[in-house]
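In my numbering, the protein residues as written are 475 to 637.
In structure tokens:
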């Protein structure tokens, strides 16, 4: 089985960019035109309160994706090994990870949740030279429920779910 979540990555990146553009245009219109004077008379919200509100909406959305560590995931188990590639959609941490584990050495996997369930991490285990090796966790927060089930079924066919 082979799949990736590239459509979710594109959607998340475009939402971030669109929200940033809307916020910048709104704040530019707010401070360069007299339009807000009419809006303020109509709804009674001052200019600074509107600026803080729209900036905080953008920051909350962006911080959510930082906490969730939204990542691109590619999973492939069609050959003689399990391949998991990922990179975070974070502009501060652009590390790319690629794990290739021979199916005969795959020991199992675990899934953990952190930050009130916002972030889900996948940890892979491998039997190497008589010891169980634990790979660094990979964030799977951006996977849809269908993709998460595919991942669990694919990994479950080669090794058990470990806690």
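Don't be surprised by glycine CBs; every beta carbon is placed ideally from N, CA and C.
Beta-carbon proximity check, residue i vs residue j, cutoff 8 Å
i: residue 571; j: residue 607; result: no
i: residue 532; j: residue 493; result: yes
i: residue 544; j: residue 486; result: yes
i: residue 483; j: residue 596; result: no
i: residue 609; j: residue 598; result: yes
Of the listed residues the options, nearest to residue i (C-alpha basis)
i: residue 553; options: 544, 540, 543 and 576; result: 576
i: residue 637; options: 627, 584, 546 and 580; result: 584
i: residue 565; options: 536, 593, 516 and 515; result: 536
i: residue 529; options: 498, 590 and 589; result: 498
Cβ shell of residue i (< 6 Å), same chain only, five flanking positions each side left out
i: residue 622; result: none
i: residue 548; result: 478 and 559
Residue i to residue j span [Cα, whole Å]
i: residue 574; j: residue 557; result: 5 Å
i: residue 551; j: residue 504; result: 53 Å
i: residue 628; j: residue 540; result: 27 Å
i: residue 478; j: residue 614; result: 11 Å
i: residue 617; j: residue 488; result: 17 Å
Own chain partners of residue i with C-beta closer than 7 Å, once the 5 adjacent residues on each side are dropped
i: residue 580; result: 556, 600, 632 and 633
Other residues of its chain near residue i: CB distance less than 8 Å, five sequence neighbours each side excluded
i: residue 592; result: 538, 541, 542 and 615
Residue ranges of each alpha helix (DSSP H) within the region 516 to 570, 4 or longer: 521 to 542
Inside the region 575 to 622 only - beta strand (DSSP E) runs reaching at least 3 residues: 580 to 588, 593 to 602 and 605 to 608
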